[in-house]
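*Asks:*
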Amino acid sequence: FFSSSVWAVMAELEVEAPDIIRLVLQFCAENNLSRTLQTLQEESHVSLNTVDSLDNFVQDIHNGNWDNVVRAVSRVSLPSEKLMLLYDQIVVEMIELRELDVARVLLRDSPALQLLKNNNAARYLKLEGLLNKTFFDVREAYPDSTKDKRRQQIAQALSTEVQVVPPSRLLTLLNYAVKWQQFQG
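The sequence shown begins at 191 in the working numbering and counts up one residue at a time.
1. Relative to the C-alpha of Ser270, which residue among Arg329, Leu306, Leu223, Asp209 is closest?
2. Roughly how many whole angstroms lie between the Cα atoms of Arg340 and Phe217?
3. Measuring only the C-alpha atoms, how far is Arg359 from Leu227?
4. For His252, which residues of its own chain have a beta-carbon under 8 Å away from its beta-carbon, when the five flanking residues on both sides are left out?
5. Between Glu232, Leu321, Gln374, Leu317, which has its C-alpha nearest Ser264's C-alpha?
6. In three-state terms, what does DSSP make of Thr362?
7. Under the DSSP definition of a beta bridge, which residues are partnered with Thr240?
8. In this structure, how does DSSP classify Gly319 when only helix, strand and coil are distinguished?
9. If I follow the unbroken alpha helix (DSSP H) through Leu227, where does it start and stop?
10. Applying the criterion that 16 or more other CB atoms from any shown protein chain within 10 Å of the CB defines a buried residue, is Arg212 buried or exposed?
11. For Ser300, collect the residues of the same chain with a Cβ closer than 6 Å to its Cβ; drop the 5 residues on either side in sequence, then sort them by chain order.
12. Less than 8 Å between the beta carbons of Val352 and Asn222, yes or no?
13. Helix, strand or coil: how does DSSP classify Pro333 here?
14. Have a look at Ala347, Asn322, Val205 and flag the residue whose alpha-carbon is nearest the alpha-carbon of Ile285.
15. Could you give the uninterrupted runs of the alpha helix (DSSP H) lying entirely in the region 256-285, keeping only those of 4 residues or more?
16. Asn246 by DSSP, collapsed to three states: which one?
17. Ala347 to Leu303, Cα distance in whole Å?
18. Within its chain, find whatever has a CB closer than 8 Å to the CB of Glu220; leave out the 5 residues flanking it on each side and keep chain order.
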């Protein structure tokens, strides 16, 4: 248990509503309640913006493990510019791997790339041009950079938007509340 002075300090703390919502969001994420998570984020305008491990998240970006990255960012609210940067890179790499169907679906159906189409038509058309070529030209795909440098830029940009929190915080706090009630009598 805690000392009585610790309990006194804890009793005076105020908890903001968004913090409670984040606890519930984390609980939903940890228990695979994805629709509930999404609905609560949309209705509350509060985002969880956490990843299980920042090191693994950054490593997945550096290694081009895009399925893991997309899964992680699907639970996070990112600025549009950073989402466009991410999906732009994924499409380029799918084209490079000759996964043209995947690249085409992402280009046509991804909300981030539809936003790119509206905000930066030239870049979107360049992606379409890369997709429609019969060969992949690295110099055209990365005119001022390399694949690894682009991945590093994306990792740096996205890592500032997420944080790591201890698992099961809601359950931990509920356990503390029960102990507090027992302590109070």
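All residues carry an ideal CB built from backbone N, CA and C; glycine is no exception.
*Replies:* This is what the structure holds:
1. The option with the nearest alpha carbon to Ser270 is Leu306.
2. Their Cα atoms are separated by approximately 34 Å.
3. Arg359 and Leu227 have their C-alpha atoms some 16 Å from each other.
4. In chain order, Asp338, Arg341, Gln342, Ala345 place their CB closer than 8 Å to the CB of His252, counting only its own chain and leaving out the 5 sequence neighbours on each side.
5. Checking every option, the nearest Cα to that of Ser264 belongs to Glu232.
6. Of the three classes helix, strand and coil, the one that applies to Thr362 here is helix, per DSSP.
7. Paired residues: Gln353.
8. The answer is helix: DSSP assigns Gly319 an H, G or I state.
9. Leu227 -> alpha helix (DSSP H) spans 224-234.
10. The residue is buried, with at least 16 neighbouring Cβ atoms inside 10 Å.
11. For Ser300, where only same-chain residues beyond five positions count, the Cβ hits under 6 Å are Tyr277.
12. Not closer than 8 Å, so no.
13. Three-state result, Pro333: coil.
14. Its Cα nearest to that of Ile285, the residue Asn322 stands out among Ala347, Asn322, Val205.
15. List check, alpha helix (DSSP H) in window: 256-263.
16. In the structure shown, Asn246 falls within a helical segment according to DSSP collapsed to helix, strand and coil.
17. About 18 Å.
18. Closer than 8 Å at the Cβ level, and outside the excluded window around Glu220, lie Pro357, Ser358.
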